[in-house]
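Q: Input: one structure, supplied below.
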Amino acid sequence: MTRIKASIGWVLVFMAASVAVAVPSVSAQAASDVVGTWQAIGPTTAYQPSSTDPTTGSFEGVGSNLWQGTWTGVSSFTHRGTVNLVTGAASGTQEETFAGRSTDGATGTMSFTWTFTFGPDGHVLARGRIVDATGDFTGARGTLVAEGTAVGAVSASGTYHGNWSRPDPLATSS
29 MTRIKASIGW VLVFMAASVA VAVPSVSAQA ASDVVGTWQA IGPTTAYQPS
79 STDPTTGSFE GVGSNLWQGT WTGVSSFTHR GTVNLVTGAA SGTQEETFAG
129 RSTDGATGTM SFTWTFTFGP DGHVLARGRI VDATGDFTGA RGTLVAEGTA
179 VGAVSASGTY HGNWSRPDPL ATSS
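Quick look at the structure:
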């Protein structure tokens, strides 16, 4: 029985080694920090009161952001969520596509998915991740946190920070 267990163990080791050899490595740049500022440009939001609760409702809209920092450019977004009319607190999701340049001169687009909260005091907190990218940003991955202040539904600004990585352009060029 011990001999069978040892044989099975070696078979598993050889299988794992062959899988490791068969999978090509992807050369990626090390994850790096991103920091900067954002400014909402003319968001438009439609509000729908709840049919069952007069203190809440849903909203959806579109807008743009101006980004400066590690990434400089503009983005367009769609957002949707719910709001408590008594407290002013809100939460929701946002899909956003950025077009611009990174500090190393690379250009392209990146698409993000965000979840966000707005506090009764106007504090905005959003957590996002890169879900797609084009141009020099193709293959980029990363996570972000955006914080700032909203003034009603007409203006918001703040900072972003996080990290990102992307395939090494020198390793993919031939």
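Its first residue numbered 29, the sequence shown is counted upward by one per residue in this note's numbering.
Where a beta carbon is used, it is the ideal one built from N, C-alpha and C, also for glycine.
1. CB residue 148 to CB residue 116, shorter than 8 Å?
2. In three-state DSSP terms, what is residue 194?
3. Are the CB atoms of residue 106 and residue 122 nearer to each other than 8 Å?
4. So what does DSSP say about residue 81, is it helix, strand or coil?
5. Would you decide whether residue 156 is buried or exposed? Buried here means 16 or more other CB atoms lie within 10 Å of its CB.
6. Given residue 134, which residues of its chain have a CB within under 6 Å of its CB, disregarding the five upstream and five downstream residues?
7. Give me the Cα-Cα distance between residue 151 and residue 142, rounded to the nearest whole angstrom.
8. How about residue 97 and residue 65: are their beta carbons less than 8 Å apart?
9. In this structure, how does DSSP classify residue 94 when only helix, strand and coil are distinguished?
10. Under a Cβ-count criterion, where at least 16 other Cβ atoms within 10 Å of its own Cβ denotes burial, should residue 130 be classed as buried or exposed?
11. Skipping 5 residues on each side, what residues in its chain have a beta carbon closer than 6 Å to that of residue 177?
12. Our contact map puts residue 59 next to residue 183 with C-beta atoms below 8 Å; I'd like the distance itself, whole angstroms only.
13. Short of 8 Å in beta carbon distance, which residues of its chain neighbour residue 86, apart from the five on each side in sequence? Order them along the chain.
14. Are the C-beta of residue 73 and some C-beta of chain D separated by less than 8 Å?
15. Based on Cα-Cα distance, which residue from 168, 103, 179 lies nearest to residue 195?
16. So is residue 70 buried or exposed if we call it buried at 16+ other beta carbons inside 10 Å?
A: Checking against the coordinates, here is how it stands:
1. yes
2. coil
3. The beta carbons of residue 106 and residue 122 sit closer together than 8 Å.
4. coil
5. buried
6. 164
7. 16 Å
8. Note that the C-beta distance between residue 97 and residue 65 is below 8 Å.
9. strand
10. buried
11. Contacts found: 150.
12. Wrong, their Cβ atoms sit about 32 Å apart, outside the cutoff.
13. 75, 76, 78, 108, 109, 110, 111
14. Looking for chain D here will not work: only one protein chain is present.
15. The residue with the shortest Cα to Cα distance from residue 195 is 168.
16. exposed
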